[in-house]
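The structure under discussion appears below in the form of structure tokens.
Number of protein chains: 2
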Amino acid sequence: MGTESAGSVLLIEDHHDIADMVCEFMEGCHYVMDYAADGVTGLHLAVTGDYDVLILDLMLPGIDGLQLLGKLRNEARRDTPILILTARDTLDDKLSGLATGADDYLVKPFEIKELEARVRALIRRQRGQLAPETLQVGDLVFNTSTMELRRGAAAIKLTPIGLKILRILMQRSPRVVSRRDIERQIWGDILPDSDTLRSHMYNLRKGIDRPFPVQLLHTVQNSGYRLVAIDEKKQRH
Amino acid sequence: MGTESAGSVLLIEDHHDIADMVCEFMEGCHYVMDYAADGVTGLHLAVTGDYDVLILDLMLPGIDGLQLLGKLRNEARRDTPILILTARDTLDDKLSGLATGADDYLVKPFEIKELEARVRALIRRQRGQLAPETLQVGDLVFNTSTMELRRGAAAIKLTPIGLKILRILMQRSPRVVSRRDIERQIWGDILPDSDTLRSHMYNLRKGIDRPFPVQLLHTVQNSGYRLVAIDEKKQRH
DNA sequence: GGATATTTTCACATAATAATCACATGCTGT
DNA sequence: ACAGCATGTGATTATTATGTGAAAATATCC
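Going down the list, the sequences are from chains A and B.
Following my numbering, the numbering of the first sequence begins with 5 at its first residue and continues without gaps.
Following my numbering, the numbering of the second sequence begins with 5 at its first residue and continues without gaps.
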């Protein structure tokens, strides 16, 4: 069952030999390939279909590749990521291709592996798979891009510093994070006079743990704190 | 008015001559540039700062560029678009760079204009500027080509800056947009002396929220603002 | 050039958050 | 059991962030 698709790709290219080679290789990498040999067909497919990425040759029978690109972006208003793959290698070609709305530009002759790597990068970004915007520990979910925090169904409100501390703990979970580490990340080198962190940890715990039956935030004497879902019933030194 | 920023870019590069050249050119194109000459500084800036794009050299004093990239993606979990700019030109270098999480890879020596075009493409995609002409959040609809704005049946009139801010917030909805981010997109790096944004946010809120029962514009202390329709039901504290 | 619209600046109000403190509780090794 | 330190608890105070509204400065339009 390992045959999940790596993504669907439309290749618009009039050289059959190159097209075949690309399709074959990409299919070997689990992409679902579609193929158009001329601009009109290509544009039509690009508008109607739902591809993760387009690979576009610039010199096509029918419509010129740049025109196609322009139409797709400005008229059809599709924002499918586009990689231009062409023999045109002058600076101006690259500039106008990227300016018209392409996301990447690769010059022939090219390494097929590089093509695949660039396509993968485009898909990865499109899907937002780079850095998941949510951190999760147990049933605690922190969406760092909306700053929403919830445990199970309940929304939780924390203060800015509380959130910062929580983020650090979630990032390092299930490891122990030392007080000093937290302090340094929050305040840098000039720490407050008093042991403020204690209060913050108290309030953090009040927010994320007190209303719930299972504790996530654990104190490790003399070491620091750790955020973890599992119980330590097994721990019995 | 006039000096809108094209985006903020962090350049991590240990060759001062290249760095100077790049910064100078990019600033000429209205980018706000920041610069780190070694890996540690670069990583720190990348994690704490809030850039539209990173340009990363692979051979750095301190941390290796690939390590930096990995840490940024996997530990700090930042998804800032990254363009690798390096003299390493083997296929394997490119593959591992892209695989580790880079979005683009440009080999030295390079054309500065191509670098700029690629950076621009990354920012364009990140900001979703190919977005549909009508933006919608809840019952708030903004037609960006006619500049018409309405909430439900009611037409709303805003000032130019108000509209710009609103557009930024709508494009990124439901995400939090930091004040700094908004300020940079409106004023570039020469900000007004006073905290003008506050007034604008006040007026924006007056325009789009005050006459209506459901709030769309939410303040997130110490982070920024976000525009969302759905609201937090029950909160605990 | 004067009317109009927009932006910036300011002063003050309010809300939210952080620092500090005093005391309570709990753990650790002898 | 005890001393000594580490951490929890919660209230109080200080500080900071943001909201509010108007007035001054600036740009824009005819």
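Where a beta carbon is used, it is the ideal one built from N, C-alpha and C, also for glycine.
Inset, instruction - Indicate the three-state DSSP secondary structure (helix, strand or coil) for residue 321(A) in the structure shown. - result: The question about residue 321(A) has no answer, for chain A in this structure spans 5 to 241.
Inset, instruction - Specify, as a first and last residue, the run of the beta strand (DSSP E) that residue 149(B) falls within. - result: Careful: residue 149(B) lies outside any beta strand (DSSP E) and carries neither H nor E.
Inset, instruction - Put residue 186(A) into one of helix, strand or coil per three-state DSSP. - result: helix
Legend entry - Neighbour list for residue 58(B) in chain A, Cβ cutoff strictly below 8 Å: The contacting residues do not exist; residue 58(B) stays about 12 Å from chain A at best.
Legend entry - Three-state secondary structure assigned by DSSP to residue 236(B): A caution first: residue 236(B) carries a pLDDT of 46, below 50, which makes its placement in the model too unreliable to give a value.
Inset, instruction - Report buried or exposed for residue 108(B), applying the criterion of at least 16 other Cβ atoms within 10 angstroms of its Cβ. - result: buried
Legend entry - Cβ neighbours of residue 49(B) in the same chain (closer than 6 Å, five flanking residues each side left out): 14 and 40
Inset, instruction - Could you please give the first and the last residue of the uninterrupted alpha helix (DSSP H) stretch that includes residue 24(A)? - result: 20 to 32
Legend entry - Cross-chain neighbours of residue 106(A) in chain B, by beta carbon under 8 Å: 125
Inset, instruction - Out of 160(A), 186(A), 45(A) and 89(A), point me to the one whose CA is closest to residue 76(A)'s CA. - result: 45(A)
Inset, instruction - Assign residue 158(B) to one of three DSSP states: helix, strand, or coil. - result: strand
Inset, instruction - Taking only beta-carbon positions, decide if residue 91(A) is within less than 8 Å of chain B. - result: no
Inset, instruction - Would you mind telling me which residues of chain A sit closer than 7 Å to residue 117(B), beta carbon to beta carbon, in chain order? - result: 95 and 99
Inset, instruction - Please go through the same chain and pick out, in chain order, the residues whose beta-carbon is closer than 7 Å to the beta-carbon of residue 188(B), but skip the five residues on each side of it. - result: 9, 12 and 36
Legend entry - Closer than 8 Å to chain B by CB, residue 2(A): The question about residue 2(A) has no answer here: the residues shown for chain A are numbered 5 through 241.
Legend entry - Inter-residue spacing [alpha-carbon to alpha-carbon] between residue 173(A) and residue 230(A): 6 Å
Legend entry - Other residues of its chain near residue 184(B): CB distance less than 7 Å, five sequence neighbours each side excluded: 54
Inset, instruction - Using a Cβ-Cβ cut-off of 8 Å, state whether residue 230(A) counts as contacting chain B. - result: no
Inset, instruction - Report the neighbours of residue 12(A) on chain B: residues whose CB is nearer than 8 Å to its CB, in chain order. - result: The contacting residues do not exist; residue 12(A) stays about 18 Å from chain B at best.
Legend entry - Local conformation of residue 103(A) per DSSP, three classes: helix
Inset, instruction - Under the assumption that residue 155(A) contacts residue 216(A) (Cβ atoms under 8 Å), give the Cβ distance between them as a whole number of angstroms. - result: 6 Å
Legend entry - Beta bridge counterpart(s) of residue 47(B) as assigned by DSSP: DSSP output for residue 47(B) lists no bridge partner at all.
Inset, instruction - Could you check the C-alpha separation between residue 103(B) and residue 124(A) for me, to the nearest Å? - result: 8 Å
Inset, instruction - Take residue 204(A) and list the residues in its own chain whose beta-carbon comes closer than 7 Å to its own, dropping the five residues that flank it on each side. - result: 165, 166 and 169
Inset, instruction - Return yes when the C-beta of residue 82(A) is under 7 Å from any heavy atom of the ligand MG, and no when it is not. - result: Among the components modelled here there is no ligand, and therefore nothing to report on the ligand MG.
Inset, instruction - Indicate whether at least one CB of chain B lies closer than 8 Å to the CB of residue 175(A). - result: yes
Inset, instruction - Please confirm whether residue 110(A) and residue 119(A) have their CB atoms less than 8 Å apart. - result: yes
Legend entry - Backbone CA spacing between residue 139(A) and residue 150(A) [nearest angstrom]: 12 Å
Legend entry - Whether residue 201(B) touches residue 186(B) by CB criterion (8 Å): yes
Legend entry - Classification of residue 198(B) by the beta-carbon crowding that lies within 10 angstroms, buried from 16 upward: exposed
Inset, instruction - Tell me whether the beta-carbon of residue 89(B) lies closer than 8 Å to the beta-carbon of residue 60(B). - result: yes
Legend entry - Whether residue 43(B) touches residue 67(B) by CB criterion (8 Å): yes
Inset, instruction - Say whether chain B places a C-beta atom closer than 8 Å to the C-beta of residue 221(A). - result: no
Inset, instruction - Give the DSSP-derived three-state secondary structure of residue 194(A) in the structure shown. - result: coil
Legend entry - Cutoff 6 Å; reference residue 82(B); Cβ partners in own chain excluding five residues on either side: 76
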